[in-house]
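Everything below concerns the one structure shown next.
2 protein chains.
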Amino acid sequence: MADPASAPRIDVPELTAFLDGHYADIRQLTRKHLAEHPEVLRDQIEMDPDDFRERVLEVVQEFAATGMLGVGFPEEYGGGGDIGASIAGFETLALGDLSVLVKVGVQFGLFGGAILHLGSRAHHEAYLPDLVSGKLLGCFAMTESGHGSDVQQLGTTATYDPEAGEFVLSTPYDLARKDYIGNAACHAHAAVVFAQLVIKGESEGVHAFVVPIRDEAGKVLPGVRIEDDGAKMGLSGVDNGRIWFDGVRVPRANLLNRYADVSDGGEYSSDIENRSRRFFTMLGTLVQGRVSVGGAGINAAKVALVLAVRYSLMRRQFGDPSADEEELLLDYGMHQRRLFPRLARTYAMHFAQETLVAELHEVFSTQAPVGDEAAEHRRRALESRAAGTKAMGTWLATDVIQECREACGGNGYLAANRFAALKADTDVFTTFEGDNHVLLQLVAKGLLTDYQSNFEELDQLGMVRFVSELAVETVVERTSAHTLLERVKDWLPGSDDPADDESGLRDPSYHLAMLRWREEHLISGAARRLKRGMDRKMPPVVVFSRVQDHVIACARASVEREVLETFVAKLEELPGDSAHRVAMTLLCDLYALSVIEDDKGWFMEHGRLTAERSKAVTREIGRLCRRIRPIALDLVNAFGIPEELLQAEMLVPLSGMPEHDG
Amino acid sequence: MADPASAPRIDVPELTAFLDGHYADIRQLTRKHLAEHPEVLRDQIEMDPDDFRERVLEVVQEFAATGMLGVGFPEEYGGGGDIGASIAGFETLALGDLSVLVKVGVQFGLFGGAILHLGSRAHHEAYLPDLVSGKLLGCFAMTESGHGSDVQQLGTTATYDPEAGEFVLSTPYDLARKDYIGNAACHAHAAVVFAQLVIKGESEGVHAFVVPIRDEAGKVLPGVRIEDDGAKMGLSGVDNGRIWFDGVRVPRANLLNRYADVSDGGEYSSDIENRSRRFFTMLGTLVQGRVSVGGAGINAAKVALVLAVRYSLMRRQFGDPSADEEELLLDYGMHQRRLFPRLARTYAMHFAQETLVAELHEVFSTQAPVGDEAAEHRRRALESRAAGTKAMGTWLATDVIQECREACGGNGYLAANRFAALKADTDVFTTFEGDNHVLLQLVAKGLLTDYQSNFEELDQLGMVRFVSELAVETVVERTSAHTLLERVKDWLPGSDDPADDESGLRDPSYHLAMLRWREEHLISGAARRLKRGMDRKMPPVVVFSRVQDHVIACARASVEREVLETFVAKLEELPGDSAHRVAMTLLCDLYALSVIEDDKGWFMEHGRLTAERSKAVTREIGRLCRRIRPIALDLVNAFGIPEELLQAEMLVPLSGMPEHDG
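Chains A and B, in that order, are what the protein sequence lines are. So for the first sequence, numbering that gives the first Met the number 0 puts the first residue at 0; every next one is plus one. So for the second sequence, numbering that gives the first Met the number 0 puts the first residue at 0; every next one is plus one.
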């Protein structure tokens, strides 16, 4: 059914190199180490959870010993001094067992990241060498049972005792217990604890403290109580737990004091005057956690796609009785429709993630002085982009893995075919490191306020008040989409000529114009609704509640536009007449048209798509799927997932099985 | 934010009784037994899978001993003689552990159902009493590794040996091994095996045979090989396995011979001449399996909704700093948007399932003679409706459970809060008992051919050829939607008056008209495209592939229309001025408008919705959500899920937690 003759010829290793980009070395190194431990995938299925936790720790420590996990830390502490590489390596771990990935993330990203970014030199010297080598195991105790999204309201207290020169950590009520803390139930010896810093009876806001929680023998220290969070949906190799503190004392030096300090006598000081801003500056340094999780989601989706596409090229069912063989699943139009737009979206998100990591690397590799407004704006934009990419990348994983599992029928349900763990382990990605809906609200806040200097202080109601005081035009003019508005206006009417329906459907300027117009229109509409609600004297909480879905739609639209821009720009890196350019263009067009099709109702509501053209978009998607069919296997193979990790039972041919069709 | 004063007052037990309907007794009995075994939910989390399999068997046998699982079998064999009640009881089991449910389904629905419906009196006498009491455990060996959806192509053979008067069962190649067979790995002593009946070297097609597979001591019999399918995503309490047969001999009498028989000398005979039709008549008798799974999916979705709604009425986050308390999650507009349309859809599917069960009960409680065309047409319509309800009911479960789990944040990921098992256990529902996409194709075939007498013979390509030979008008006139077309035409233009946008948006005639028009238009469009493809001399396999998504869209549209019709009719059973009528009408309107909104792009493409009216639909959905907010807790409580089964850790208030808001 496909016409392989006219299909672009893919050089798989070369395309892998293109996807790997600047960080090919660390990605290949990570693949090599993963390929040496394919048995972890079976261990996850076969081992008792307690044993598997120990197994995962072993693997993490073995990986740590190679030095590959510490590349994000300064060289003087045994690291590699390359933040971008550390993320690229981390996300590549998602091709293997995800408990290993999350355990690495807790130790090196969260625990290590907090000490690196919130601590000063003394902390670095004290902790980083052992931390990087995997000798000092730690956890990141921020979330509480009562507060996950709104971390400014954490209940744990760290009260300064000037007599002793110590902080006293306490959990005042059960809702303030630390919860879901990875590494806490078994392995962590130290915790970075986020708590209200209380001096002379007043809270100075949430700060981070290094708190020992186990002794050398692994026994929980006095004053600390730890409970296992118990069985989880997935990630059985990660020991999540709850922690209570009952008057636990740590020296004054254990405050991670990069942004604020307490003197021996109990005087609080900080370079950042505004308390809320100070807190969000601290939080902002931890953005790499979100970037890492988003990347992990995108890479987990790749595993699902390789499995489903390969299976669909082995499995036959029904078909023309007069033919020798039944029909391959992938030759069914519906099967293509289920898999290829998701393949395109995964490629698109891969490039978006690559760009985000590059930006993260740049921002974090240059130390800007406190108060540099341009640098701060750039940081906020990075945080916003990280939030959006994390949300969309992890929802991508949930969606792609589910569809791929269903596309493999009963085989998809067996643990031996990897979907069980893929699905269960990634499920939490959508709500940890920031709930996706809350993250999209953060993105929207950035769009609506253009990262004002008081950006961080603005909670959702602050944002409502802020926006309501601006003219809508002001909001709109500040959006990044706005600069291209004129072009959009010029473009759309002409291309909507009903006599010329299918023309320009694959023109990237058309795609970009559509997504930019949508973003800008949504933003101005949301601003207008927020203002109107306030003008009518409705309580801000009600105004926000009613406009919330609109606000979130702004964020989605913005991320999708940004992802498309990145993909289109990426195409330019390939020679214009190359097969890879042709193939990537097919995927980019499919991504763009799928986004438009998914929201065609909105575009029609807003006069940006005629009925005829909308139908033409759907037809074009069908055509693109048929063109991708002959290269689908190459496109998933180019993800470079080691064969050792793809030993799914369903991909082993059984007798009676027809020949494999490439 | 909500205005409880104006909300309808729900009497929860009374609403439960309304939902339980005709089968309230068996539902209550099942709830009672489930409530006596809440520990199974913990056992699933805590037990080793091998032990849990034994535990599940124990519970099933205990339930069997009460007689409640055999209600679908004739009274003379220890049953209750009520098919409808047996399904109602079965689907209620989905409120508890789902391994128990599936184990029951295998034993009583599949194994028992096959013997009841495909066997004759001798088989009933020989097997049913022990089967109903749970003494004789069996399995249903239809699916093979190579064929799940296209079961006419099964590879297992049962060759008649006239000398011995025996059938010899063989697995000719590995792809023909039986696979995913529940109860096979450990517990079944007998199997109903589907195999090609071979006489004198010729296959008479697939037939069912009773084959002993284990001896009294539980040892696998000679010639039978069984392997465990190994770990699965979920349903760890069900022992799925693979079976190979190597010359296993069974007496001639072990052919389940209700529809076809073999004489001692090896003469084949059947009242149904056409082979394919014979096979599908046999298959058709097994429709209750699909009805059961669809019902189970709908009930599992209810559990997720109760948990998420209750949690959202305890959990607070962010909100107005000047207020005493943070904001309840359920007071956020987006949270309502995420949960309430799904709540409405679950109610809608509940009533659709109730109607389907009533129809199944009637059809199966009246024995129609072979050849009664009207009865056969009714049976095919039932099969089609069962297929559609199963597909939509199980996708509902996947979607609702996922959204509810995400709506509970980190808590949703902990096994103690039930989502882990709910999600993993129900996941297979979308692909077992018929892959959902294949089932929707079956629905579409019915729509496109009006269940022609040769309906069953038509595979997908036969359907393409059949439709291509009809005039499109013929296809359309036969659709059930067509009878109301005139009304639709009259209705739509008037209500689309832009000056009167929000009028009639809650008029059920408008909703019905929209869904009927869509169904009919999709069917005629699909017929036209199939014809056009054939006219252009494209191979039928290519024609089908290209039109496949359109064909499946027909089926979805048809099910959604049918579900709405059922819901609207159901409202009539409630007094016009009752609070319950008001509440159910809110849900019915929300269901209808959500369906329209989800497909608003299509309606606009086809001139059935103006841009203004489309926006009005979205606004109305927001209003309906706000009206449902004060009664949401009552609406989920009315599902009548025993409190013993809702002991989720996250619903236990912790100190510091604000008061529960009803």
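Glycine residues also receive a C-beta, built at the ideal position from the N, C-alpha and C atoms.
Rounded to whole angstroms, the gap between the alpha carbons of B:R26 and A:G236 is 40 angstroms.
What A:H436 touches in chain B, judged by beta-carbon distance under 7 angstroms, is M333, going in chain order.
Under the 8 angstroms criterion on CB atoms, A:Q459 is classed as interfacial with respect to chain B. No residue range can be given for A:V219, since it is assigned to no alpha helix (DSSP H) and is classified by DSSP as neither H nor E.
Excluding sequence positions up to five before and after B:S132, its CB lies within less than 7 angstroms of the CB of A63 and G77, all in the same chain and listed in chain order. At a Cβ-Cβ threshold of 8 angstroms, A:A252 and A:A121 count as neighbours. In the DSSP secondary-structure assignment, A:Y159 is bridged to A:F166.
Under the Cβ distance rule, B:K177 does not count among the residues neighbouring chain A, no pair being separated by less than 8 angstroms. When the Cα atoms are used, A:G639 and A:T15 turn out to be separated by approximately 6 angstroms.
Segment contact: the segment 391-405 of chain A against the segment 418-435 of chain A, three or more CB-CB distances shorter than 8 angstroms; contact assigned. Residue pairing by DSSP places A:A207 opposite A:F193 in a beta bridge. The DSSP-derived three-state label of B:K134 is coil.
Sequence-ordered contacts of the segment 232-249 of chain B with chain A read M232 [C-beta pairs closer than 7 angstroms]. In the DSSP assignment, A:S269 is bridged to A:A259. A:P12 sits exposed, since fewer than 16 C-beta atoms from the chains shown fall within 10 Å of its C-beta.
Look at the segment 297-321 of chain A: the residues with a C-beta under 7 angstroms from a C-beta of chain B are Q316, F317, G318 and D319.
Comparing C-alpha distances from A:G264 to each of A:A4, A:E162, A:A415 and A:H116 shows the shortest one belongs to A:E162. At a cut-off of 8 angstroms, the C-beta of B:V192 has no neighbouring C-beta in chain A. A check of alpha carbon separations from A:G461 across A:L117, A:M348 and A:Q440 identifies A:Q440 as the nearest.
In this structure A:T158 is not in contact with A:V191, their Cβ atoms being roughly 18 angstroms apart against a cut-off of 8 angstroms. For B:E432, the three-state secondary structure derived from DSSP is coil. Identification of residues in the segment 517-543 of chain A having a C-beta nearer than 9 angstroms to some C-beta of chain B yields P538, P539, V540, V541 and F543, given in sequence order. In the DSSP assignment, A:K231 is bridged to B:L413. The residue among B:A390, B:T448, B:L446 and B:F418 with its C-alpha nearest the C-alpha of B:F431 is B:A390. Contact between B:V286 and B:L381 holds, since their C-beta atoms are separated by about 7 angstroms, short of 8 angstroms.
With 16 or more neighbouring CB atoms inside 10 Å of its own CB, A:T448 falls in the buried class. When only Cα atoms are considered, B:H510 and A:H349 end up about 42 angstroms apart. Annotation: Cβ neighbours of A:F418 in chain B (cutoff 8 angstroms, chain order): M232.
For B:G246, the enclosing beta strand (DSSP E) begins and ends at G240 to P250. Its chain contains H510 and L563 as the residues whose beta carbon lies nearer than 6 angstroms to that of A:A591, once the 5 sequence neighbours on both sides are disregarded; these appear in chain order.
Where A:Y179 is concerned, the enclosing beta strand (DSSP E) starts and stops at K177 to I180. Taking C-alpha positions only, B:F566 is separated from B:G293 by approximately 17 angstroms. In the three-state reduction of the DSSP assignment, A:E143 falls in the strand class.
In its chain, beyond the 5 residues on either side, R54 have a beta carbon closer than 8 angstroms to the beta carbon of B:M46.
Under DSSP, B:S202 forms a beta bridge with B:V197. Here B:R213 carries a strand assignment [DSSP, helix/strand/coil].
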